[in-house]
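One structure below.
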Amino acid sequence: MTTAGRGDASFTGSIPEIYHSLLVPMIFAEPARLLAESVATADAVDILETAAGTGALTRELVRLGGHNIVSTDLNEPMVTAAAARLVSERVHWQVADAQSLPFSDRSFDVVACQFGAMFLPDKVRGYAEALRVLRPNGMFAFNVWDRIENNAVPLVITGALCAAAPDEPLEFFRRTPYGYFDIDRIRGELETAGFDRITGEYVEGSSHSTPETGAEAFCQGTPLRSEIERHSSLDVESATAIATTELRRRYGPGEFDAPIRWLQITARRPAH
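Going letter by letter, the sequence shown gives residues 3 to 274 in my numbering.
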């Protein structure tokens, strides 16, 4: 497994807006609904969400009703964008690092995280923080993407960009968002952090897009954009054009559906 590179967790500039408007409906909405359904099985009142992004999972948690939700993200621009779109007396928005949470021990019944664990530099530390703020028998519910080979659009885009610049490959997707998928490794790290009753299931879904939308979403609405901006021979415009051309070649010029696959996990804090 590779580890997150510098800047891989940075969602700044125009990224939050493109992320919310293009990526959320494309690949995040379906997993958020299913993760919220998992949270609904817990007898929870107080929920902490980490790595909330622009609030895809938060909106699903609000629909459950009857919960007090603290939604956090490391990136202030993401929190600002989310808070502007979702105003609810049940949701408190806060900038917070999932590896150093500013909350007291045993403060929450559930900790939920949508596609954030991949970005933790120290996974065990992040999981231990989730355990610390959970009450006895509390649930940690989260998801991570499966390997890139099972997520078609980022695979196509990564292949096209690496072919265009083989001496300086753009491997952000393979390295970080789609680089943390081994259920045995994840289970071991959760156990090291102190969790038990760990369950995991790979889930298959579908993304709906066009070549233009898919290319813009992945090249400009993720930290890949920052990697492109540091590149010696590609810029954001040319990289997006390369990605668009390859998606058109693979799927045609109009709307298309492509497979996505992720791993959904729950774990419990011990009763004592």
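Ideal placement from N, C-alpha and C gives every residue a C-beta, glycine not left out.
Around the Cβ of ASP107, are there at least 16 other Cβ atoms within 10 angstroms (buried) or fewer (exposed)? Here the question's residue 107 lines up with position 105 in the sequence shown. With fewer than 16 other Cβ atoms within 10 Å, it is exposed.
Going along the chain, which residues of its own chain have a beta-carbon closer than 6 angstroms to the beta-carbon of PRO213, five neighbours each way excluded? In the sequence shown, the residue the question calls residue 213 occupies position 211. Cβ neighbours of PRO213 within its own chain (closer than 6 angstroms, five residues either side excluded): THR246, LEU249 and ARG250.
Can you tell me which of the three DSSP states SER209 falls into? Sequence index remark: in the sequence shown, residue 209 carries index 207 (1-based). In this structure, SER209 counts as strand in the three-state DSSP scheme.
Simplified DSSP assignment, three categories, for TYR21: What you label residue 21 is simply residue 19 of the sequence shown in a count that begins at 1. Of the three classes helix, strand and coil, the one that applies to TYR21 here is helix, per DSSP.
Taking C-alpha atoms, which residue in ILE20, LEU25, SER240 and ILE17 lies nearest to SER211? To locate residue 211, count along the sequence shown from 1; it is residue 209. Check the Cα spacing between SER211 and each of ILE20, LEU25, SER240 and ILE17: the tightest is with LEU25.
What's the gap between the Cα of TRP147 and the Cα of ILE230? In the sequence shown, the residue the question calls residue 147 occupies position 145. In the sequence shown, the residue the question calls residue 230 occupies position 228. Cα to Cα, the separation comes out at about 22 angstroms.
To the nearest angstrom, report how far apart LEU66 and ALA31 are at their CA atoms. Translated into the one-based positions of the sequence shown, residue 66 becomes position 64. Translated into the one-based positions of the sequence shown, residue 31 becomes position 29. Going from the Cα of LEU66 to the Cα of ALA31 covers about 15 angstroms.
Run through the DSSP bridge pairs and tell me what PRO261 is partnered with. Here residue 261 refers to the residue found at position 259 when the sequence shown is read from its first residue. In DSSP, PRO261 forms a bridge with SER208.
Where does the unbroken alpha helix (DSSP H) through GLY37 begin, and where does it stop? Residue numbering aside, residue 37 sits at position 35 when the sequence shown is read from its first letter. This sequence places Leu at residue 37; Gly is not what is there. Looking at the DSSP string, the run of the alpha helix (DSSP H) that includes LEU37 is 31-42.
Residue ranges of each beta strand (DSSP E) within the segment 32-112, 3 or longer: Taken in chain order, the complete beta strand (DSSP E) segments of 3 residues or longer contained in the segment 32-112 are 48-52, 70-75 and 93-97.
Count Cβ pairs between the segment 113-131 and the segment 80-98 that sit closer than 8 angstroms; are there 3 or more? Counting C-beta pairs closer than 8 angstroms gives fewer than three between the segment 113-131 and the segment 80-98, which falls short of the contact rule.
Does the segment 125-136 touch the segment 151-158, meaning 3 or more C-beta pairs lie closer than 8 angstroms? Cβ pair count under 8 angstroms is below three, so no.
If you follow the beta strand (DSSP E) that PHE142 is part of, which residue opens it and which one closes it? To locate residue 142, count along the sequence shown from 1; it is residue 140. Run containing PHE142: 136-147, per the beta strand (DSSP E) assignment.
Nearest to ILE267 by CA position, among ARG189, ASN70 and ALA162, is which residue? On the sequence shown, position 265 is the one that residue 267 refers to. Nearest to ILE267 by C-alpha distance, out of ARG189, ASN70 and ALA162, is ARG189.
So, with DSSP's three-state summary, where would you put ASP186? Counting from one through the sequence shown, the residue named residue 186 turns up at place 184. Three-state DSSP puts ASP186 in a helix.
Among residues of its own chain, excluding the 5 on either side of LEU59, which ones have a beta-carbon nearer than 7 angstroms to its beta-carbon? In the sequence shown, counting from the first residue as 1, residue 59 sits at position 57. Short of 7 angstroms from the beta carbon of LEU59, and not among the five residues preceding or following it, lie these beta carbons of its own chain, in chain order: ALA34, LEU37, ALA38, GLU51, ALA114 and GLN116.
Distance, GLU218 Cα to ARG263 Cα: Residue 263 sits at position 261 when you count from the first residue of the sequence shown. Residue 218 sits at position 216 when you count from the first residue of the sequence shown. So the two alpha carbons sit approximately 21 angstroms from each other.
Using DSSP bridges, identify the partner residues of ASP198. Taking the sequence shown and counting its residues from 1, one reaches residue 198 at position 196. Bridge partners of ASP198: ARG270.
Let's see if you can read the secondary structure: which residues bound the alpha helix (DSSP H) around ILE150? Taking the sequence shown and counting its residues from 1, the one referred to as residue 150 is at position 148. Note, ILE150: premise wrong, no alpha helix (DSSP H); not H, not E.
Quick one: what's got a C-beta closer than 7 angstroms to ALA195's C-beta in the same chain, skipping five residues either side? For the purposes of this step, residue 195 is taken as residue 193 along the sequence shown, with counting starting at 1. If the five residues before and after ALA195 are omitted, its C-beta is found closer than 7 angstroms to the C-beta atoms of VAL126, TYR129, ALA130 and LEU133, all from its own chain and listed in chain order.
Ordered along the chain, which non-local residues of its own chain (more than five positions away) have a Cβ less than 7 angstroms from that of GLY256? Here residue 256 is taken as the residue at index 254 of the sequence shown, counted from 1. THR212, listed in sequence order.
For HIS22 and PHE105, I'd like the C-alpha separation in whole angstroms. Position 20 of the sequence shown holds residue 22. Position 103 of the sequence shown holds residue 105. Cα-Cα distance, rounded: 27 angstroms.
So, is MET47 buried or exposed, given that buried needs 16 or more other C-beta atoms within 10 angstroms? Within the sequence shown, the letter at position 45 stands for residue 47. Per the sequence shown, residue 47 should be read as Val rather than Met. Result: exposed.
How big is the Cα-Cα spacing for PRO261 and TYR253? Counting from one through the sequence shown, the residue named residue 261 turns up at place 259. Counting from one through the sequence shown, the residue named residue 253 turns up at place 251. Taking the CA atoms as reference points, PRO261 sits about 12 angstroms from TYR253.
Look at GLU78 and VAL97 and say whether their C-beta atoms are less than 7 angstroms apart. Stepping through the sequence shown from its first residue, residue 78 is reached at position 76. Stepping through the sequence shown from its first residue, residue 97 is reached at position 95. A contact, by the Cβ cut-off of 7 angstroms.
What does the Cβ neighbour count give for PRO225, buried or exposed, with the cut at 16 atoms within 10 Å? One-based indexing of the sequence shown puts residue 225 at position 223. Counting Cβ neighbours within 10 Å, PRO225 comes out buried, since at least 16 surround it.
Using the C-alpha atoms, what's the distance from SER102 back to VAL205? One-based indexing of the sequence shown puts residue 205 at position 203. One-based indexing of the sequence shown puts residue 102 at position 100. Cα to Cα, VAL205 sits roughly 30 angstroms from SER102.
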